[in-house]
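2 protein chains.
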Amino acid sequence: MTPEIHQLDETDKRILLAMDPDPRIPVMMLAQILGLARGTVQARLEKLAASGALRPNSIRVSPAALGRGVSAAVSAEVDQSLLNEAIAALREIPEVLDCVAPAGDTDLLIRVAAKDPDDLYRVSEVIRLCPGIKRTSTSMFLREVIPYRTTGLLEE
Amino acid sequence: MTPEIHQLDETDKRILLAMDPDPRIPVMMLAQILGLARGTVQARLEKLAASGALRPNSIRVSPAALGRGVSAAVSAEVDQSLLNEAIAALREIPEVLDCVAPAGDTDLLIRVAAKDPDDLYRVSEVIRLCPGIKRTSTSMFLREVIPYRTTGLLEE
DNA sequence: ACAAGACTAGTCAAAATGCCCAACCGAACC
DNA sequence: GGTTCGGTTGGGCATTTTGACTAGTCTTGT
Numbered sequence: 001m002t003p004e005i006h007q008l009d010e011t012d013k014r015i016l017l018a019m020d021p022d023p024r025i026p027v028m029m030l031a032q033i034l035g036l037a038r039g040t041v042q043a044r045l046e047k048l049a050a051s052g053a054l055r056p057n058s059i060r061v062s063p064a065a066l067g068r069g070v071s072a073a074v075s076a077e078v079d080q081s082l083l084n085e086a087i088a089a090l091r092e093i094p095e096v097l098d099c100v101a102p103a104g105d106t107d108l109l110i111r112v113a114a115k116d117p118d119d120l121y122r123v124s125e126v127i128r129l130c131p132g133i134k135r136t137s138t139s140m141f142l143r144e145v146i147p148y149r150t151t152g153l154l155e156e
Numbered sequence: 001m002t003p004e005i006h007q008l009d010e011t012d013k014r015i016l017l018a019m020d021p022d023p024r025i026p027v028m029m030l031a032q033i034l035g036l037a038r039g040t041v042q043a044r045l046e047k048l049a050a051s052g053a054l055r056p057n058s059i060r061v062s063p064a065a066l067g068r069g070v071s072a073a074v075s076a077e078v079d080q081s082l083l084n085e086a087i088a089a090l091r092e093i094p095e096v097l098d099c100v101a102p103a104g105d106t107d108l109l110i111r112v113a114a115k116d117p118d119d120l121y122r123v124s125e126v127i128r129l130c131p132g133i134k135r136t137s138t139s140m141f142l143r144e145v146i147p148y149r150t151t152g153l154l155e156e
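These protein sequence lines map, in sequence, to chains A and B. Counting with the UniProt record's numbering, you get residues 1 to 156 for the letters of the first sequence. Counting with the UniProt record's numbering, you get residues 1 to 156 for the letters of the second sequence.
In structure tokens form, the structure reads like this:
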């Protein structure tokens, strides 16, 4: 069931926490901060990169820096027979940040980023026009209360 | 109103896209891939790091690699007079990945990661016990249809 | 007790970095 | 027209870092 994901151990987490402010920190500095041998850190980094435990770097880019200061959740009801087509179409929309399938009433929960409320309306229209999408309900985010993070889990 | 966020130009985006697979790629390699002078890329990288346009590196860590293969959305109704206390309490829960305040019926939309459905139940209990939280509704994600990304916006 | 794997501490040549420079370009301004 | 300004270029330079090794130590499971 679990797709064989390389679990990170204590050392991996310490390395990642030390790289949190800047992933481009030299390995030597990491090693001396963490009190490890350079070779050790180097080997860990290579394994980490190969393990698939890290998502692409581009997810670090704040949508706001890309001029998309308005984000929202779009919940969509989907014609089940067209689910794959709907997903494929959503994937082509750059403003779609991510999409999950929750248990419950809504079929797809889509997170989007737009330039402004007007642009958000446009994006929600584009989504509504995707094949298989029967109904959508958009709710804008008034505030990002806690920005996405994993530090808590890394520190545990 | 907009908190003075440094907007990325075309060159910034190209640099970020080239760093997508590995943020530790040497500056020299970046420069020759992009056909820019090394000094230019170096200057851009420094500005990018200082601009706040990039989120911490730790958000790249997949919760699954931390043993949290189950994620969910918890929508919470909050006693408005205790909103700040509720948020402060949520911030202390490591399993809380992020939290937004949507316009509409639910006051807070909380994304959480847990080890398994049982653990998810525990986490939702912890949330329910936060000060000011009146009612919660948890819906587990059956599938991550489109993983979080910003590549589309970077390429535009 | 043994083998396997991870860690250490050290070496080395090759490469990259940080930090200079003078020169160049285009846009904005007087 | 002329000028200043920010960003870029291509170059040099000393220093640091990297990648790829080594051999010895430590821990863990069998």
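In this text, a Cβ means the ideal position worked out from N, Cα and C, and glycines have one as well. From a predicted model like this one, the values you see are computed outputs, not experimental measurements.
### Message
Could you give the first and the last residue of the continuous beta strand (DSSP E) run that contains Arg135 of chain A?
### Response
Ile133 to Ile146
### Asp116 of chain B versus B:Arg128, B:Leu66, B:Lys47 and B:Cys130, residue with shortest Cα-Cα distance
B:Leu66
### Query
Nearest chain B C-beta to Arg38 of chain A closer than 8 Å, yes or no?
no
### Query
Leaving out five residues before and five after Ser75 of chain B in sequence, what residues of the same chain have Cβ atoms less than 6 Å from its Cβ?
Thr106, Leu109 and Ser137
### Query
With a cut-off of 8 Å, do at least 3 Cβ pairs link the region 91–104 of chain A to the region 141–149 of chain A?
no
### Query
Closest by CA to Asp79 of chain A, which one among A:Thr151, A:Gly132 and A:Leu45?
A:Gly132
### Task
Run through the region 8–52 of chain B for me and flag every whole alpha helix (DSSP H) of 4 or more residues, listed as ranges in chain order.
10–18, 27–34 and 38–51
### Task
Provide the residue span of the beta strand (DSSP E) that contains Asp105 of chain A, from first to last.
Element bounds for Asp105 of chain A: n/a, residue is neither H nor E.
### Task
Using a Cβ cut-off of 8 Å (strictly closer), state whether Pro23 of chain B contacts chain A.
yes
### Own chain partners of Leu17 of chain A with C-beta closer than 6 Å, once the 5 adjacent residues on each side are dropped
Leu154
### Query
Does the beta carbon of residue 184 of chain A sit closer than 8 Å to a beta carbon anywhere in chain B?
Only positions 1 to 156 of chain A appear in the structure, and residue 184 of chain A is not among them; the question remains open.
### Message
By DSSP's criteria, Ser58 of chain B is part of a beta bridge. Which residues make up the other side?
### Response
None, per the DSSP bridge assignment.
### Query
Three-state secondary structure (DSSP) at Arg68 of chain B?
coil
### Task
Name the two residues that bound the continuous alpha helix (DSSP H) containing Ser124 of chain A.
Pro117 to Arg128
### Task
Could you tell me which of A:Arg122, A:Arg60, A:Cys130 and A:Val41 sits nearest to Arg91 of chain A, measuring between CA atoms?
A:Cys130
### Query
Going along chain B in order, which residues have a C-beta closer than 7 Å to the C-beta of Gln7 of chain A?
Ala65 and Gly67
### Burial state of Lys47 of chain A, where buried means 16 or more other Cβ atoms lie within 10 Å
exposed
### is_contact[Ile33 of chain A, chain B] using C-beta, thresh 8 Å
no
### Straight-line Cα distance separating Ala49 of chain B from Ile25 of chain B
15 Å
### Query
Alpha carbon to alpha carbon, what distance is there between Ala89 of chain B and Asp118 of chain B?
22 Å
### Message
My output table needs one value for Glu85 of chain A: the three-state DSSP class, helix, strand or coil.
### Response
helix
### Query
Just how far apart, CA to CA, sit Pro3 of chain A and Gly69 of chain B?
Summary for Pro3 of chain A: the model assigns pLDDT 48, below 50, so the residue's position carries little reliability; its value from the coordinates is reported in the next sentence. Pro3 of chain A and Gly69 of chain B: Cα-Cα distance of roughly 10 Å.
### Task
Check whether the Cβ atoms of Ile59 of chain A and Ile87 of chain B sit closer than 8 Å, and answer yes or no.
no
### Message
For the alpha helix (DSSP H) containing Glu155 of chain A, name the first residue and the last one.
### Response
Thr151 to Glu155
### Query
Using a Cβ-Cβ cut-off of 6 Å (strictly less than) and excluding sequence neighbours within five positions of Ile33 of chain B, which residues of its own chain qualify?
Ala18
### Query
Is it buried or exposed for Asn84 of chain B, if we count other Cβ within 10 angstroms and need 16 for buried?
exposed
### Task
State yes or no: is the beta carbon of Val96 of chain A nearer than 8 Å to at least one beta carbon in chain B?
yes
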